[in-house]
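According to my numbering, the sequence shown is numbered sequentially starting from 19.
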Amino acid sequence: MAGFDGFDGRVAVVTGGASGIGRELVLRLAGLGAHVAVCDIDAERLAAAVAAARTANPSVRVSAHHLDVSDGEAVARLAAEVADLHGEAVHLLFNNAGVVGGGSFVAGDQDEWEHTFSVAWHGVYHCTRAFLPMLLAADKGAVVNTASVNALWASLGAGAPHTAYSAAKFTIRGFTEALIEDFRANAPHLSAVLVLPGHVRTAMPAPPRSWRTALGGLFSDYEPVSAADAAAAVVDALRAGYWRVVIGQDAEAVDERVRADPWTAYE
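Printed below as a string of structure tokens:
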């Protein structure tokens, strides 16, 4: 895809923007001159992230939007709020919000499973659907979807099923890759970017011990990536025109291993 060569004056929407990769994206985008609508369900952290972005660059508009992205009606209201505050065009949509849970489909709690899947996948769907008219109204734009290493390999290692999260992230991967051709045919000024991070140091729970021994200890000596470095990798990929961004030693190792020999990946 064509590289995104300038952020100054652009409008970005970042979900899950109160912490982790999302917060670092907000700070980086504001620093590059973009106006940012920041969305999160954690009101206290949301306020802190928005305040930090405004301090980093007082010349840009940074707005706070407290909502649950799995709520389609709330997301529709969000799009209207962003249009009122930032104008009728959105250039960048970062679908970054997510939660973990619902590890076992067999033995786990159904409500937890469905909550995890809904936030991780339906949040992406609702936001992309709601903001599509505003993306179409821009001169250029990109939908950036945060999936996971678990969109490459649906496990956390022996004895650690990860079904709800992995199912949602595989869905995000398929949706994002499908958008590439859809945009090419129907909205050539738009692009889709798939982000595939491994273990990133955020407020979300770290992987269990089984992650270090997964796939025969293939990446047992990996170092988790910082949220700031992960956000920088995403922005760099946008600039370069890369549609697929694999982040971290563990994610890179899984990607190579599963593509090389998918038949034995779950043995």
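C-beta atoms are modelled at their ideal positions from N, C-alpha and C, and glycine is treated no differently.
All of these numbers come straight from a predicted model, not from anything done at the bench.
- The alpha-carbon separation between Arg95 and Arg191 amounts to approximately 26 Å.
- The three-state secondary structure of Ile190, taken from DSSP, is helix.
- Between the alpha carbons of Ala232 and Leu170 lies a gap of roughly 14 Å.
- Setting aside the 5 residues that flank it on each side, Gly21 is surrounded in the same chain by Arg257, Ala258, Gly259, each with a C-beta closer than 6 Å to its C-beta; the list follows chain order.
- Inter-segment contact for the segment 235–243 and the segment 174–190 is absent: fewer than three beta-carbon pairs are separated by less than 8 Å.
- In the structure shown, the three-state DSSP call for His83 is strand.
- By the Cβ-count criterion, Pro280 is exposed, with fewer than 16 other Cβ atoms from all chains shown falling within 10 Å of its own Cβ.
- Taking C-alpha positions only, Gly51 is separated from Thr282 by approximately 47 Å.
- Check the Cα spacing between Phe123 and each of Ala248, Glu42, Ala178: the tightest is with Ala178.
- Scanning its chain for C-beta atoms nearer than 6 Å, with the 5 sequence neighbours on each side dropped, one finds around His207 the residues Lys158, in chain order.
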